[in-house]
Amino acid sequence: MKLAMPLTYFGNPRETADQVVDLEKAGLDQLWVAEPYGFDAVSLLGYLAAKTERVELGAGILNIYSRTPGALLQTAAGLDNVSGGRAILGLGASGPQVIEGFHGVAYDKPLARTREIIGLLRAGLRGERLQSDGLYKIPLPADQGTGLGKPLKLLNRPERADTPIWVAALGDNNVAMTAEVADGWLPFQFLPDKARDVWGEAIDKGLAKRSPSLKPLEISAGGLLAITDDPDEAKRHRDTMRGLLALYVGGMGARGKNFYNDMAVKYGFGDAAKKIQDLYLDGHKRDAEAEVPEAWLEAGNLVGPESFVKERIAAFKEAGVTSLQVTPAAGTDGLASIAQVKEWLA
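The letter at position 341 of the sequence shown is residue 341 when you use the UniProt record's numbering, and the numbering goes up by one with no holes.
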């Protein structure tokens, strides 16, 4: 497996970005940059491209609504050029809270839109003119504009015609589509021991339709990293993840309309998921955090003694993860942890 890490997007991302040179030296293979509704990911990825030499740089993720297919094509090709062929374009639908609340764009047809965008990106990276008569009308028809639009292709020659395109997906149909047409899959809060039960059928369905011209599907997943023999310290580190899980399971969407709550139910945490959502939406966030199952925190993170962390790494690998994505816990020696895990993966 490759070793990956998400770059924090809270506070001042540049301060974390300035540590990337040392992380690269420690053995990091991939770095992912998100942009929910903070600074954009593209600017920071360009900054990182200039500071690094080897690490792959992934947009994790750019939403499919706030940029046109043409803009996404420019971004993929531009980042791949300035990084010397190290870019990964991560795409996702995000959620209606961000898309409609921050960008003011209707959250509609995420699967069809993602599939269409991937097709356009692949064509554009091959140097073809952008043309579409689906959800996207490219060029824009005369009755919707001036009638002066003509099919265009990139002015520049892309660094690679096959710049990797990854998709963040959770729902069965979206996961199946990802397994069919994308280069990689970015699941959220992936539990390796239960992944096959939750997503196995959808993955198999997509892979059965996958073009032989595509490489095997890659998967990036992991969790918090802290190597410690102190059980109390390990619990303190795991507990720092309660707020994040409570936010997504409880606060992302309304009752009955929450992708992450549905995922928790599929993991077997249905009772806890309902309590978390009810408490969170009623304003009792701390109580919601307390309901996050300890079993979820243990299985989804790499926190504990060396033997346990190695066991979790093996579980992620057995589940098909090709890129182990870790976040060194606050207060630990992150560089040492990255170097240690890289040694175990070698």
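Every residue gets a Cβ at the ideal spot worked out from N, C-alpha and C, and that includes glycine. Note that the structure is predicted; figures quoted are calculated from it, not measured.
Per DSSP, Leu57 is one residue of the beta strand (DSSP E) stretching across 56-63. For Leu7, there is no enclosing alpha helix (DSSP H); the enclosing beta strand (DSSP E) covers residues 2-7. In this structure, Gln30 places its C-beta atom within 8 angstroms of the C-beta atom of Glu56. The beta-carbon separation of Pro158 and Leu121, rounded to 10 angstroms, does not stay under the 8 angstroms limit for a contact.
For Thr327, the uninterrupted beta strand (DSSP E) run begins and ends at 323-328, by DSSP. Contact between Gly206 and Glu180 holds, with the beta-carbon distance rounding to 4 angstroms and staying under 8 angstroms. By the criterion of at least three beta-carbon pairs nearer than 8 angstroms, the region 263-271 is in contact with the region 188-198. Secondary structure of Gly90 (DSSP, three-state): strand. Assignment of Gly222 by DSSP, reduced to helix, strand and coil, places it in the strand class. Shortest Cα-Cα distance from Ser323 to any of Arg236, Val292, Trp166, Ala234 involves Trp166. Under the 8 angstroms Cβ criterion, the region 315-334 does not count as touching the region 245-253, having fewer than three qualifying pairs. Of the candidates Ser307, Ala273, Val341, the residue whose Cα lies closest to the Cα of Val292 is Ala273.
For Ala49, the enclosing alpha helix (DSSP H) covers residues 41-51. Counting C-beta atoms within 10 angstroms of its own C-beta, Pro231 has fewer than 16 neighbours from the protein chains shown and is therefore classed as exposed. Annotated as distal: Ala71 and Leu89, with beta-carbon spacing of 8 angstroms or more. Three or more beta-carbon pairs separated by less than 8 angstroms are not found between the region 326-333 and the region 210-217, which leaves the two stretches without contact. Secondary structure of Gly251 (DSSP, three-state): helix.
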